[in-house]
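This note's numbering runs 13 ahead of the 1-based position in the sequence shown.
No residue lacks a Cβ here, since even glycine has one placed at the ideal position from N, Cα and C.
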Amino acid sequence: MYSSFQRNKIDQKLSDADGLIWSADEKQFMVEVNQHEDGEQLEIGIKIIDPYRKIVYEKIEKIDRDMFGGGFVRAVQIDQDSEKEIVVWHARAKYYLDFSEGNVTEVTFDNVPQQIKGLAKNWYKYNVMASLETAISLIFLFCYYILYSLIVGFLKLLKRKKKLK
């Protein structure tokens with residue numbers, strides 16, 4: 014429940030990038046983000062389309078979710094302009110897309126404020142690692158009850174043997 018609450022708080026700050034609209038000189042540029050899952054592989058396609066339906070920017074990010082991998086493509090306000098930026102964050106790529114005057118620029122994740130880096134780390138913590146912690150807790154709980162049952166059963170067996178003597 015705690016992880017769910019934290020995920021909600023993070024999702025309020027890291028909004029969905031699909032459908033985001035950027036404006037420049039009274040022209041609107043639309044962001045399309047499409048996801049496709051294939052087993053443990055998550056493929057995220059990012060397109061930025063100008064008002065004439067011409068693709069201004071296109072990239073496909075492949076995220077391997079095996080062995081606690083994960084990542085996201087989300088919109089968040091990073092710099093001082095009025096437009097939100099698109100953050101791409103996973104094991105093999107960490108950058109954001111900045112829109113300015115009709116141009117899209119990839120900017121390294123090193124240049125983002127510490128608050129945004131913290132959001133990304135918390136996203137990973139509560140969306141990827143929390144499920145690992147839950148699985149480990151359930152395994153521990155299962156082993157505990159098996160051990161408890163064995164000990165109680167063994168003690169009852171000893172008690173019965175003493176009564177028979």
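Alpha carbon to alpha carbon, how far is residue i from residue j?
i: V120; j: W102; result: 12 Å
i: Y161; j: S150; result: 16 Å
i: Y157; j: Y139; result: 25 Å
i: L55; j: F167; result: 49 Å
i: I59; j: I159; result: 49 Å
i: N47; j: D31; result: 8 Å
i: N124; j: F153; result: 41 Å
i: F85; j: I68; result: 22 Å
i: G82; j: L177; result: 58 Å
i: K107; j: I76; result: 12 Å
i: I164; j: K174; result: 15 Å
i: L50; j: E98; result: The displayed chain sequence assigns Glu, not Leu, to residue 50. About 24 Å.
i: Q19; j: E53; result: 24 Å
i: E71; j: F155; result: 47 Å
Thinking C-beta only, is residue j closer than 8 Å to residue i?
i: R105; j: D29; result: no
i: I61; j: F42; result: yes
i: I129; j: V89; result: yes
i: I91; j: P126; result: yes
i: L132; j: K26; result: yes
Relative to the alpha-carbon of residue i, which residue among the options has its alpha-carbon at the smallest distance?
i: R78; options: D123, F153, Y137; result: Y137
i: R66; options: E45, L163, K134; result: E45
i: S95; options: L27, D111, G83; result: D111
i: K22; options: G52, F122, N135; result: N135
Could you tell me which residues DSSP pairs with residue i in its beta bridges?
i: L55; result: E50, I76
i: I34; result: M43
i: A88; result: S28, I99
i: N116; result: S113
i: K107; result: W102
i: I68; result: I62
Counting only beta-carbon atoms, is residue i nearer than 8 Å to chain D?
i: L151; result: No chain D appears in this structure, which consists of one protein chain only.
Cβ contact check for the stretch 33-41 and the stretch 112-121: 3 or more pairs under 8 Å: Cβ pair count under 8 Å is three or more, so yes.
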